[in-house]
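Undergrad: Below: one structure in C-alpha cells.
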Amino acid sequence: MLTIMKLKILKLKDDYKILLLMSTLSLLLIYFMGVKGTGGAMPIAIIDDSDNMYSRQFIEMLGKSSLVEIEITSIEKGIREVQEDKYQMALIIPKEFGYESFKDTAYTLEFFTQREDIDLMLLQNHIGETANRILQNRNTSEIIVEHLEQYSSRSKEVLQEEVYTKTVTHWSYRKPIHILQSFINVGERGGYDNLKQVTIGFTLFFSMFSIVFLVGDILQEKEDKTWNRLLTAPISKTTLLGGNLFTAFFIGTAQVIMLVVLSGYLFNIDWGGNLLGVFIIIGAFVFCMTALAMVLASIAKTKEQLQIASPIVLVSTSMLGGAFWPIEIIESKLLLTLAQFTPQKWAIEPISQMVMYGYDIQVIIKPTIVLLAMGLAWFTLGLKMLKFEN
1 MLTIMKLKIL KLKDDYKILL LMSTLSLLLI YFMGVKGTGG AMPIAIIDDS
51 DNMYSRQFIE MLGKSSLVEI EITSIEKGIR EVQEDKYQMA LIIPKEFGYE
101 SFKDTAYTLE FFTQREDIDL MLLQNHIGET ANRILQNRNT SEIIVEHLEQ
151 YSSRSKEVLQ EEVYTKTVTH WSYRKPIHIL QSFINVGERG GYDNLKQVTI
201 GFTLFFSMFS IVFLVGDILQ EKEDKTWNRL LTAPISKTTL LGGNLFTAFF
251 IGTAQVIMLV VLSGYLFNID WGGNLLGVFI IIGAFVFCMT ALAMVLASIA
301 KTKEQLQIAS PIVLVSTSML GGAFWPIEII ESKLLLTLAQ FTPQKWAIEP
351 ISQMVMYGYD IQVIIKPTIV LLAMGLAWFT LGLKMLKFEN
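For the record, in the sequence shown the residue sitting at position 191 is 191 according to UniProt numbering, with numbers rising by one throughout.
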C-alpha cells in the first residue's frame, strides 16, 4: 500500500496544478465574498407607488434598521442606479399596498438587483417580515372596525386609520414579550461573522473537488488499462484500492489544513481555541468525501463522466448543507430535512459553532459519528460496486 501511495504522490508532479487552482479559487472567493463583501448598511432605492400611511410607515420601519440606507426615487432612476452599482437593490411598493383587505389580497413586493448573495437574502427576509407586520396590523384593525362601525357615526376610513394607529402604538410600546439575550463564555467570538462563514464554507467546498479529482484517477487508470494490469499483480484489491483512497484522504486533509492556516494568516481569521475539534471534524469530513468520491467513481464509466457529474452533486449538496450561506436562513422543511443527509451540514455546523460562538469541543461528538457513519456506508457501497467490475 505504501508503494502505491508513494507512486500516487509522485504522480502529483503532473497534476498539482488542479490542487493549486482549487486552493487559489477558495482564497480568492473568501477575499471577495468575505473580506470585500463585508460592509455596513446597504444602500437601496425605494419606489413608493402607494404613498399612503401604510407605505410610509413601512419605509420608516425599514429605515430604523442598521441593514439599509434608504433613498426614495423613481423607478427609472432606481433601476438605472442599481445597474450602475450605486444601490444594491431597488424595491417597488405596489399601489394596492395597505388599501385592499389583507385577507383577500396577496401583495407582491418587487425587487431589482444585479446579484444574489447572503447579505441580500438577509435583507429580503427583513423586508418581508416588516411588510408582513404592517399588513397584519392592517388586518387586525380592519377586523376591529367591522365590529365598531355599527356603534360609531364616523366613517369607516376614519375609524380604520384611528384603530390602525392605536394598534401600531400598542405593539410598539406595550410588547407582551421581552427578549433578553446573553452570551455565556464566548469571549470575543460571540456572534455571527460573515467572513468566517464564507471561509469555512469555501474551504470545505473546494477541497471536495480535489478529493474527487484524486479518487477519479482510478477511472483514468481503467482507461489506460493500468487498472486491469494492477488487478493481475500479486497485490490484494484492498491494498490497491486503499493506496488510492489513503492518498486522496491525506492530500485532501493537508489541503484543508493549509487553507485554514493561510486564511488565518492572510485574512486575520481567528479559528478559536478548539483547533483540535476543528481538525477532527475536518478529518471525518475528508474521510466521508473520499468514500463518496469512490461511489461517484464507481458509477461513472470515464473520467469525463465523473467531471460532469461531480459538480452537480457537490454544488447541490453544498447549497443544502450551508457551504454558500448559513443554513439558518433556509425556511423550507423539505430542504432542511434533505440537508441532514449532506456531509457539508454535519461539518460546517460544529466548526461554525466552535469558531464563531466559542462552543466546547463536545459539540463535535454527534457530527463526527454521523460523518464517519456516512463515510462507512458510502465506502461499503463503493467497494461492492468496484468488486464486481471486470
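For glycine and all other residues, C-beta sits at the position ideal for the given N, C-alpha and C.
Return the first residue and the last residue of the alpha helix (DSSP H) that residue 326 is part of.
TA: Within the sequence shown, the letter at position 326 stands for residue 326. It is not in any alpha helix (DSSP H) - residue 326 carries neither H nor E in the DSSP assignment.
Undergrad: With distance defined between alpha-carbon atoms, name the residue in 312, 288, 377 nearest to residue 345.
TA: Position 345 of the sequence shown, counted from the first residue, corresponds to residue 345. If we check each option's Cα against that of residue 345, 288 comes out closest.
Undergrad: If you follow the beta strand (DSSP E) that residue 289 is part of, which residue opens it and which one closes it?
TA: In the sequence shown, the residue the question calls residue 289 occupies position 289. Looking at the DSSP string, residue 289 is not in any beta strand (DSSP E); the run it does join, the alpha helix (DSSP H), is 275-299.
Undergrad: Residue 91 bridges to which residues according to DSSP?
TA: Residue mapping note: residue 91 aligns to position 91 of the sequence shown, counting from 1. Residue 91 is bridged to 46, 111.
Undergrad: Relative to the alpha-carbon of residue 121, which residue among 362, 68, 367, 79 has its alpha-carbon at the smallest distance?
TA: Your numbering for residue 121 matches position 121 in the sequence shown. The candidate whose alpha carbon is nearest that of residue 121 is 68.
Undergrad: In whole angstroms, what is the alpha-carbon distance linking residue 206 and residue 140?
TA: Residue mapping note: residue 206 aligns to position 206 of the sequence shown, counting from 1. Residue mapping note: residue 140 aligns to position 140 of the sequence shown, counting from 1. The alpha-carbon atoms of residue 206 and residue 140 are separated by roughly 50 Å.
Undergrad: Going by CA-CA distance only, name the one from 71, 62, 114, 47 that's closest to residue 95.
TA: Here residue 95 is taken as the residue at index 95 of the sequence shown, counted from 1. Ranking 71, 62, 114, 47 by Cα distance to residue 95 puts 47 first.
Undergrad: Would you report the Cα separation of residue 311 and residue 210, rounded to the nearest angstrom?
TA: The residue you call residue 311 lines up with position 311 of the sequence shown. The residue you call residue 210 lines up with position 210 of the sequence shown. So the alpha carbons of these two residues sit roughly 12 Å apart.
Undergrad: Quick check on the burial criterion: 16 or more other C-beta atoms within 10 angstroms. Buried or exposed for residue 138?
TA: Reading the sequence shown from its first residue, position 138 is the one you call residue 138. Answer is buried; the Cβ neighbour count reaches 16.
Undergrad: Could you name the residues of the same chain whose beta carbon sits closer than 8 Å to that of residue 27, not counting the 5 residues immediately before and after it, in chain order?
TA: Numbered from its first residue, the sequence shown carries residue 27 at position 27. Result list for residue 27: 259, 262, 263, 266, in chain order.
Undergrad: Are the beta-carbon atoms of residue 338 and residue 320 separated by less than 8 Å?
TA: For the purposes of this step, residue 338 is identified with residue 338 of the sequence shown, where counting begins at 1. For the purposes of this step, residue 320 is identified with residue 320 of the sequence shown, where counting begins at 1. Contact flag set, yes.
Undergrad: Using alpha carbons as the reference points, say which of 214, 63, 279, 372 lies closest to residue 19.
TA: Sequence index remark: in the sequence shown, residue 19 carries index 19 (1-based). Nearest option by C-alpha distance: 214.
Undergrad: Pull up the distance between the alpha-carbon of residue 112 and that of residue 92, whole angstroms please.
TA: Looking up residue 112 in the sequence shown gives position 112. Looking up residue 92 in the sequence shown gives position 92. So the alpha carbons of these two residues sit roughly 8 Å apart.
Undergrad: For a quick check, are the C-beta atoms of residue 295 and residue 376 less than 8 Å apart?
TA: Numbered from 1 along the sequence shown, position 295 holds the residue referred to as residue 295. Numbered from 1 along the sequence shown, position 376 holds the residue referred to as residue 376. No, they are not a contact pair.
Undergrad: Using DSSP with H/G/I as helix, E/B as strand and the rest coil, what is residue 381?
TA: For the purposes of this step, residue 381 is taken as residue 381 along the sequence shown, with counting starting at 1. Correct three-state label for residue 381: helix.
Undergrad: List the DSSP bridge partners of residue 30.
TA: Position 30 of the sequence shown, counted from the first residue, corresponds to residue 30. Bridge partners of residue 30: none, in fact.
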